[in-house]
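Engineer: Residue numbers (the numbering used here): 106 to 743.
No residue lacks a Cβ here, since even glycine has one placed at the ideal position from N, Cα and C.
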Amino acid sequence: INAMPESELLAAVLELRSTSILVTAFIILFAAPIAWSMARLVTRPLRALVFEAEAIRRFEFKNPIEVKSLVLEVHELGTTMADMKRTIHRFLDISRAVALEDNFDRLLPMLLKETLSAANADAGVLYLVDGEQLIPVAAMRGNDTFEERLASISTAAAGPLFSQAVQTGTSCSAELGATDIEIGGLGGLFANGAIKHGLAVPLLNRRQQLVGAMLLLRRTPIDSAQISFIKALTGSAATSLETRELIKAQKELFEALIHLIASAIDAKSHYTAGHCERVPEIAKLLARAACDDMSGVFKDFKLDDAEWESLHVAAWLHDCGKITTPEYVVDKATKLETIYDRIHEIRMRFEVLKRDAEIASLKAVANGADEERARALLVGELTQLDDDYRFVALCNEGGEFMAPDKVEHLRQIANRTWLRTLDDRLGLSHEERERKSYAQPSVLPAIEKLLADKPEHIIERRAQDRLIDNGKWGFRMETPPNLYNRGELYNLSISRGTLAEEERYKINEHIMQTLIMLSKLPFPKHLRQVPEIAGGHHEKMNGTGYPKRLTKDEMSVLARIMAIADIFEALTAVDRPYKKGKTLSETIKIMSFMAKDAHIDADLFALFLRSGAYLDYAEKYMQKEQIDTVDVERHLSI
106 INAMPESELL AAVLELRSTS ILVTAFIILF AAPIAWSMAR LVTRPLRALV FEAEAIRRFE
166 FKNPIEVKSL VLEVHELGTT MADMKRTIHR FLDISRAVAL EDNFDRLLPM LLKETLSAAN
226 ADAGVLYLVD GEQLIPVAAM RGNDTFEERL ASISTAAAGP LFSQAVQTGT SCSAELGATD
286 IEIGGLGGLF ANGAIKHGLA VPLLNRRQQL VGAMLLLRRT PIDSAQISFI KALTGSAATS
346 LETRELIKAQ KELFEALIHL IASAIDAKSH YTAGHCERVP EIAKLLARAA CDDMSGVFKD
406 FKLDDAEWES LHVAAWLHDC GKITTPEYVV DKATKLETIY DRIHEIRMRF EVLKRDAEIA
466 SLKAVANGAD EERARALLVG ELTQLDDDYR FVALCNEGGE FMAPDKVEHL RQIANRTWLR
526 TLDDRLGLSH EERERKSYAQ PSVLPAIEKL LADKPEHIIE RRAQDRLIDN GKWGFRMETP
586 PNLYNRGELY NLSISRGTLA EEERYKINEH IMQTLIMLSK LPFPKHLRQV PEIAGGHHEK
646 MNGTGYPKRL TKDEMSVLAR IMAIADIFEA LTAVDRPYKK GKTLSETIKI MSFMAKDAHI
706 DADLFALFLR SGAYLDYAEK YMQKEQIDTV DVERHLSI
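#1: Taking the alpha helix (DSSP H) that HIS514 belongs to, which residues open and close that run?
#2: Would you check if the region 312-323 and the region 226-246 touch, i.e. whether three or more CB-CB distances between them fall below 8 Å?
#3: Quick one: is GLY274 buried, meaning 16 or more other Cβ sit within 10 Å of its Cβ, or exposed?
#4: Would you list the residues sitting across from ARG246 in a DSSP beta bridge?
#5: Between ARG447 and chain D, is there a C-beta pair that is closer than 8 Å?
#6: Buried or exposed, going by whether 16 or more other CB atoms sit within 10 Å of the CB of ASN225?
#7: Among ALA392, HIS380, PRO431 and HIS449, which residue has its Cα nearest to the Cα of TRP421?
#8: Could you work out which residue in GLU614, VAL679, MET622 and GLU120 is closest to THR430 when comparing CA atoms only?
#9: So is THR603 buried or exposed if we call it buried at 16+ other beta carbons inside 10 Å?
#10: Please return the same chain residues whose Cβ sits closer than 6 Å to the Cβ of ILE366, not counting the five positions on each side in sequence.
#11: On the DSSP letters alone, give me the boundaries of the beta strand (DSSP E) that LEU304 sits inside.
#12: Below 8 Å on the Cβ atoms is my guess for LEU281 versus LEU266; work out the distance and round it to an integer in Å.
#13: Find out if the Cβ-Cβ distance for the pair LEU689, ILE743 is shorter than 8 Å.
#14: Does any heavy atom of the ligand FMN sit closer than 7 Å to the C-beta of HIS364?
#15: For SER400, which option in TYR722, GLN728, SER716 and ASP736 has the closest C-alpha, if you only look at C-alpha atoms?
#16: Going by Cα to Cα distance, which pick from ILE448, GLU561 and SER341 is closest to GLU539?
#17: Please return the same chain residues whose Cβ sits closer than 6 Å to the Cβ of ARG591, not counting the five positions on each side in sequence.
#18: Just tell me which of ALA707, PHE334, VAL735 and ALA678 has its CA closest to the CA of MET727.
#19: Report the start-end ranges of each beta strand (DSSP E) in the region 311-364 that is 3 residues or longer and not cut off at the edges.
#20: Ends of the beta strand (DSSP E) at SER278?
#21: For the putative contact between LYS427 and GLU608, defined by C-beta atoms under 8 Å, what is the C-beta separation to the nearest angstrom?
#22: Ordered along the chain, which non-local residues of its own chain (more than five positions away) have a Cβ less than 7 Å from that of ALA544?
#23: What are the residues that DSSP puts in a beta bridge with ALA136?
#24: Ordered along the chain, which non-local residues of its own chain (more than five positions away) have a Cβ less than 6 Å from that of LEU490?
#25: Mind checking which residues open and close the alpha helix (DSSP H) that includes LYS694?
#26: I need the straight-line Cα distance from VAL230 to GLY236, nearest angstrom please.
#27: Decide if GLY183 is buried, meaning its Cβ has at least 16 other Cβ atoms within 10 Å, or exposed.
#28: DSSP has ASP752 in a bridge; who is on the other side?
#29: Given a cut-off of 8 Å on the beta-carbon distance, is the pair ILE666 and LEU391 in contact?
#30: Compare the beta carbon distance of ILE451 and LEU527 with 8 Å and say whether it is the shorter of the two.
#31: Going by CA-CA distance only, name the one from ILE564, THR260 and LEU221 that's closest to ILE240.
#32: Please determine if the region 462-481 and the region 508-522 are in contact, where contact requires at least 3 C-beta pairs separated by less than 8 Å.
#33: Could you check where the beta strand (DSSP E) with TRP578 kicks off and where it finishes?
#34: Identify whether TYR589 lies in helix, strand or coil by the three-state DSSP scheme.
#35: With respect to the beta strand (DSSP E) encompassing THR522, which residues constitute its N-terminal and C-terminal limits?
#36: Could you work out which residue in GLU347, GLY289, HIS302 and ILE300 is closest to ARG312 when comparing CA atoms only?
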């Protein structure tokens with residue numbers, strides 16, 4: 106036995122071992138691909154879910170999640186992630202839509218509609234808080250706006266559902282009772298009788314104060330998951346709502362301030378009353394005509410909401426600089442008028458000369474002169490004084506051109522003298538006394554000229570009276586050395602109108618003040634064009650206007666529109682005491698020659714006529730007797 110070979114002794118075992126090894130190897134080689142395939146089958150949905158999770162992390166929601174798996178847990182995970190992706194996508198879409206809507210009145214129904222869709226609700230009402238009341242501002246049934254008027258709800262006496270939501274500050278869901286329906290006047294929303302359940306959602310601002318509430322109506326109770334989503338959605342919406350409400354309130358305040366400034370300017374001078382209110386109407390009519398022009402020069406001209414707002418603000422504030430112009434300059438109706446008409450002083454001097462003439466005549470008769478001859482001389486002297494005063498008074502009216510011969514006649518009258526016996530430095534203000542200090546006091550009685558240009562008539566331009574440009578504003582207006590010159594002969598010699606050079610500059614200065622004032626306002630980005638639009642209405646297309654001497658190509662279309670609107674209103678206005686309002690035909694005739702001379706934009710003026718914008722304005726703001734026939738084609742040919 107000990108000598109038997111091992112191979113023979115263990116032959117069966119060794120054969121069995123070899124067979125087992127071969128079978129095991131074969132099984133392993135056969136099972137590995139199957140195991141690998143099964144593993145791939147199981148892990149493929151997991152890899153897809155990893156990819157989708159990464160897409161969600163990058164806020165990519167284009168493709169829906171469609172992952173199917175034989176493993177129950179993986180399948181449920183895919184379904185959950187798909188729901189999550191849809192929910193996040195919808196939340197972001199709604200938040201984005203709400204954030205992009207600038208119009209507060211359009212935002213409210215949009216907010217309600219999106220919330221109704223998210224809650225699968227059949228109807229709903231959005232309320233805003235006003236004091237102690239919840240005011241309905243939007244209502245929908247299905248996809249349609251609910252037009253019936255709903256009742257306001259007192260926060261202190263709301264129905265059970267609303268009271269609980271308002272008091273706790275949390276969303277409340279319950280079946281609506283008769284009290285809720287009656288207090289809210291919601292009967293119209295229940296026309297089909299199928300809606301029974303309600304969800305009251307309070308809208309809280311950042312300080313957790315109630316700013317509004319939503320009532321969502323459904324046929325079936327709402328589940329907790331939807332309530333959580335609605336709470337998150339309305340929380341974001343409430344913040345957006347608060348922001349938009351603040352913006353709306355600021356816009357309303359800004360609009361009120363604009364009207365306040367314009368009204369103050371119009372009220373300051375009855376000569377320009379209503380001007381700031383009417384110019385925007387003309388400007389908007391012409392701008393609308395330009396936007397509607399489909400085939401002409403302005404076929405590509407369009408205005409968005411921001412540009413319309415810019416035009417509106419600029420048109421109302423185009424003369425805001427006039428608030429710095431003294432009214433006795435704006436209202437100067439005669440050449441000698443300041444705060445009062447100084448023609449009364451001159452008339453009194455003529456009265457003194459007439460009394461002196463009578464006294465001299467009586468003294469001559471008393472001293473033995475021939476009475477008839479003395480009386481004849483007196484009548485001639487009085488007649489001459491009456492004629493001279495009448496001429497001076499007519500010159501003061503400023504209605505006629507002062508030809509050189511008239512100025513010379515005025516100088517001859519001015520050389521007449523009268524006797525002053527009282528000190529003219531008594532009872533004066535500090536400033537006037539200081540101006541008189543430049544000349545030596547006269548010895549009384551003093552002989553003075555009938556009309557005089559005295560040193561105290563000159564009011565020098567101080568440093569604070571100068572608009573220092575330094576190239577910052579681009580003004581190109583010559584500044585007179587004096588602020589005012591109230592010389593009597595100087596003012597009576599004004600060739601046209603009633604304004605001296607200094608006073609005309611002071612009035613024209615309002616446009617510079619307008620540009621400076623508006624440029625200093627921190628306008629938001631979309632209103633940055635307001636100063637340019639408002640400040641260009643005295644420019645001319647040929648570069649001879651003021652204050653910057655801009656040409657047509659240097660001005661925006663809206664600025665050129667403002668120039669036409671300002672001129673048209675000024676010519677047709679009937680509330681100017683110094684002139685009558687012109688008829689339509691007279692106004693269009695004047696403006697057609699202004700267009701020909703490149704004072705106004707000829708293309709815009711032609712559009713103004715062709716579109717009928719001038720007539721639309723006339724029918725609304727002009728008197729019937731001013732509205733006559735205008736030959737549009739003839740004026741267009743000019």
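Structural biologist: Here's the rundown:
#1: From DSSP, the alpha helix (DSSP H) with HIS514 extends over 509-519.
#2: The answer is yes - the region 312-323 touches the region 226-246, with three or more Cβ pairs under 8 Å.
#3: Looking at its Cβ environment, which holds fewer than 16 other Cβ atoms inside 10 Å, GLY274 is exposed.
#4: Looking at the DSSP output, ARG246 shares a beta bridge with ALA228 and ASP249.
#5: Absent from the structure: chain D. Only one protein chain is present.
#6: With a 10 Å radius around the Cβ and a threshold of 16 neighbouring Cβ atoms, ASN225 comes out exposed.
#7: For the set ALA392, HIS380, PRO431 and HIS449, the Cα lying nearest the Cα of TRP421 is the one of HIS380.
#8: The shortest Cα separation from THR430 among GLU614, VAL679, MET622 and GLU120 belongs to GLU614.
#9: Buried is the call here.
#10: Setting aside the 5 residues that flank it on each side, ILE366 is surrounded in the same chain by CYS425, each with a C-beta closer than 6 Å to its C-beta; the list follows chain order.
#11: LEU304 -> beta strand (DSSP E) spans 302-309.
#12: About 7 Å separates the beta carbon of LEU281 from that of LEU266, a gap short enough to meet the 8 Å contact definition.
#13: No, the Cβ-Cβ distance between LEU689 and ILE743 is not below 8 Å.
#14: No copy of the ligand FMN occurs in the structure displayed, which carries no ligand at all.
#15: The residue with the shortest Cα to Cα distance from SER400 is SER716.
#16: Looking at the Cα atoms, GLU561 is the closest of the given residues.
#17: Listed in chain order, the non-local C-beta contacts of ARG591 below 6 Å within the same chain comprise HIS562, local neighbours out to five positions each way being set aside.
#18: Of ALA707, PHE334, VAL735 and ALA678, the residue nearest in Cα terms is ALA678.
#19: Qualifying beta strand (DSSP E) stretches, in chain order: 315-323.
#20: Under the DSSP assignment, SER278 falls in the beta strand (DSSP E) whose first and last residues are 277-280.
#21: The beta-carbon distance between LYS427 and GLU608, rounded to whole angstroms, is 14 Å. This is too long to meet the 8 Å contact definition.
#22: Excluding sequence neighbours, ALA544 sits near PRO560.
#23: None, per the DSSP bridge assignment.
#24: Result list for LEU490: PHE455, LEU458 and LYS459, in chain order.
#25: Its alpha helix (DSSP H) spans residues 689-701.
#26: Cα to Cα, the separation comes out at about 19 Å.
#27: By the 16-neighbour rule on beta-carbons within 10 angstroms, GLY183 is buried.
#28: For residue 752 there is no data in the structure shown, the boundaries of the chain being 106 and 743.
#29: It is a contact, given that the beta carbons lie within the stated cut-off.
#30: Not a contact, by the Cβ cut-off of 8 Å.
#31: Among ILE564, THR260 and LEU221, the Cα nearest to that of ILE240 belongs to THR260.
#32: With a cut-off of 8 Å, the region 508-522 and the region 462-481 do not count as touching, because too few Cβ pairs lie within range.
#33: Segment: none, TRP578 is in no beta strand (DSSP E) and carries neither H nor E.
#34: TYR589: strand per DSSP, three-state reduction.
#35: Looking at the DSSP string, the run of the beta strand (DSSP E) that includes THR522 is 522-525.
#36: Looking at the Cα atoms, GLU347 is the closest of the given residues.
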